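Heads up, the thing below is written out as structure tokens.
Chains as they are written, first to last, in our numbering: chain A, 97 to 339; chain B, 467 to 813.
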């Protein structure tokens with residue numbers, strides 16, 4: 097059974113239709129990358145999966161269960177999210193950012209949460225920054241804490257909402273490296289990103305979303321090298337030329 | 467530029483924007499005067515404290531604490547005579563100078579004022595005691611009401627939101643004195659409180675003080691709620707999104723993420739309300755509470771030196787307000803989030 101199945105999802109903000117009949121499926125350990133121009137509905141699609149945004153029509157299944165039948169907090173325990181603006185808890189240390197969910201959502205003891213948090217910070221290469229506050233960290237470090245925070249909840253699926261878009265160019269690499277490691281370890285990931293290098297090398301499936309519709313979907317090599325749709329080749333071609 | 471770099475780029479020695487941030491020597495001067503004032507005040511309170519009296523009498527020092535002396539009969543610790551003598555000398559100079567006497571006349575007035583201040587200081591200290599605990603209790607109890615009010619305004623549904631708004635606007639929209647009169651004269655509250663056995667006996671204050679605390683608590687909670695609401699709204703919405711995304715409930719996010727940050731941002735506004743309340747606690751004088759302003763009124767009626775009394779009591783309020791502002795400044799830096807500027811860089 098597929099881990100995530102999105103079926104004919106529609107979403108409008110007022111008169112503006114953001115998602116139209118979007119459907120796709122992900123297996124466990126898949127790395128699905130969604131690309132598309134600004135305003136194409138990529139981020140909205142992502143937020144529908146953990147119900148930060150509610151869909152108007154259609155259905156989304158997580159491991160066979162329709163997510164609107166689940167408690168939203170229980171759903172979010174199973175579907176982690178990494179944000180464009182990191183959104184680290186500003187008043188807590190790097191470690192405190194990770195322990196909050198462990199203690200208050202998963203009910204771990206303080207000591208257990210601390211050990212677990214340090215473990216995950218170590219995995220993203222920030223063992224030595226556990227005591228630092230977000231404002232004392234670089235953007236790349238903050239985003240890695242954000243990843244550790246989401247990972248520590250041991251989600252079945254991890255959503256990445258343009259995780260490198262707010263970063264200075266020299267800081268993007270460290271975040272992508274962590275994401276690549278995760279992909280290799282078999283984490284199921286749904287990523288919205290403009291990092292075409294990452295999309296090409298790490299994605300198991302690439303989806304091109306434009307104007308709220310899935311224009312083309314397939315293995316990254318196919319979309320990059322031999323796209324069926326003109327708009328896909330125009331979009332990916334433009335980006336590839338710039339690089 | 468990253469947030470960390472922005473913080474580092476900010477000049478270390480920022481221009482002082484509060485009393486606590488005055489440049490070195492001036493801050494120390496204010497601090498020393500404030501510390502001296504509070505040392506004297508606390509000593510004065512201890513000297514006439516009934517509970518302390520019973521305690522030290524029990525261990526054999528029957529005359530150390532003098533709680534039996536009524537407020538009106540209390541002796542000053544500094545004699546007034548030297549000031550009065552000096553004022554007389556200056557007065558002589560003023561007459562000798564003739565028309566040019568106005569040049570030193572102020573010195574004679576100041577010396578007279580100082581002499582008078584030492585005489586009335588014990589009574590004002592007793593009043594300041596009531597003012598201080600009235601204000602602190604009302605602020606803290608008000609905070610307990612203000613936090614849920616402001617959370618309801620910011621995160622509540624339509625019903626909670628309108629209830630909180632109605633409370634706030636009703637309380638802010640009517641005069642505090644009218645509220646106090648309503649509670650004290652217009653309701654049975656004072657009577658009901660008097661029925662409680664211990665009220666008014668021994669160290670327990672009279673019913674009027676309880677009414678004043680209730681009145682100030684209600685009034686202050688409305689203002690505090692406004693300050694806290696605006697602070698909560700200044701917390702980045704992404705913080706709540708992140709809290710929800712790890713599976714925290716809305717209440718969990720408010721408790722663990724929004725309030726810890728919002729309450730920090732609220733400290734400057736809260737300080738403002740605190741120093742206001744120190745001063746508008748003087749309205750309790752009109753419902754017979756023997757606080758600082760009431761003592762001043764009574765001394766004025768006894769001595770007819772109204773101008774002098776109000777100048778001196780004004781200095782008392784100023785000392786209370788300045789020391790409060792400094793203490794709150796200390797609190798603000800003590801709980802500041804590392805790396806986040808106090809007024810800038812809250813992004």
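For each residue, glycine too, the CB sits at the ideal point set by N, CA and C. Since the model is a prediction, treat every value here as computed from it, not as a measurement.
Check	Outcome
Cβ separation of residue 650(B) and residue 753(B), assumed to be a contact under 8 Å, to the nearest whole Å	4 Å
Whole-number beta carbon distance between residue 255(A) and residue 216(A), since they are thought to touch under 8 Å	Going by Cβ atoms, the distance from residue 216(A) to residue 255(A) rounds to 17 Å, so no, they are not a contact pair.
Three-state secondary structure assigned by DSSP to residue 331(A)	helix
Exposure of residue 303(A), with buried meaning 16 or more beta-carbon neighbours within 10 Å	buried
Within-8 Å CB hit, residue 181(A) to chain B	yes
Proximity test, Cβ basis, 8 Å: residue 803(B) and chain A	yes
Identified DSSP bridge partners for residue 303(A)	130(A) and 313(A)
Endpoints, beta strand (DSSP E) assigned at residue 122(A)	112–122
Residue 710(B) at chain A interface by Cβ criterion, 8 Å	yes
is_contact[residue 187(A), chain B] using C-beta, thresh 8 Å	yes
Residue ranges of each alpha helix (DSSP H) within the stretch 748–783 of chain B, 4 or longer	758–769
Minimum Cβ-Cβ distance from residue 249(A) to chain B less than 8 Å	yes
Assumed close pair residue 630(B), residue 618(B) - CB separation to whole angstroms, cut-off 8 Å	4 Å
DSSP-derived helix/strand/coil call for residue 175(A)	strand
Nearest-angstrom Cα separation, counted from residue 567(B) out to residue 532(B)	44 Å
Short CB-CB distance (under 8 Å) between residue 735(B) and chain A	no
Exposure label - residue 489(B); buried when at least 16 CB within 10 Å	exposed
Distance CB(residue 271(A))-CB(residue 236(A)) smaller than 8 Å	yes
Of the listed residues 636(B), 699(B), 705(B) and 493(B), nearest to residue 687(B) (C-alpha basis)	636(B)
Any chain A beta carbon closer than 8 Å to residue 704(B)	yes
Segments of 3+ residues assigned as beta strand (DSSP E) that fall wholly inside the stretch 152–207 of chain A	153–158 and 175–178
Contact with chain B by residue 258(A), beta-carbon distance below 8 Å	no
C-alpha distance - residue 601(B) paired with residue 537(B), whole-angstrom precision	21 Å
Through-space distance from residue 226(A) to residue 137(A), alpha-carbon basis	35 Å
Limits of the alpha helix (DSSP H) - the one that residue 651(B) falls within	Element bounds for residue 651(B): n/a, residue is neither H nor E.
C-beta atoms of residue 127(A) and residue 299(A) nearer than 8 Å	yes
7 Å CB neighbourhood of residue 479(B) in its chain, flanking five on each side removed	Note that residue 479(B) scores 48 on pLDDT, short of 50, meaning its location in the model is unreliable; the coordinates nonetheless yield the value given after this. Excluding sequence neighbours, residue 479(B) sits near nothing in its chain.
Proximal chain B residues relative to residue 197(A), where beta-carbon distance stays under 8 Å	712, 713 and 714
Alpha-carbon to alpha-carbon, residue 157(A) and residue 100(A)	6 Å
Residue environment, residue 135(A), which counts as buried when at least 16 other CB atoms sit within 10 Å	exposed
Residue range of the alpha helix (DSSP H) that includes residue 521(B)	516–524
Residues that DSSP places opposite residue 247(A) in a beta bridge	According to DSSP, which records beta bridges pairwise, residue 247(A) is partnered with nothing at all.
Listed by chain order, chain A residues near residue 806(B) by CB distance under 8 Å	186, 229 and 231
Contact the stretch 194–209 of chain A vs the stretch 146–163 of chain A: 3+ CB pairs below 8 Å	no
Range of the contiguous alpha helix (DSSP H) that encloses residue 820(B)	Chain B is shown from 467 up to 813; residue 820(B) falls before or after that span and cannot be answered.
Boundaries of the beta strand (DSSP E) in which residue 100(A) is found, first to last residue	100–109
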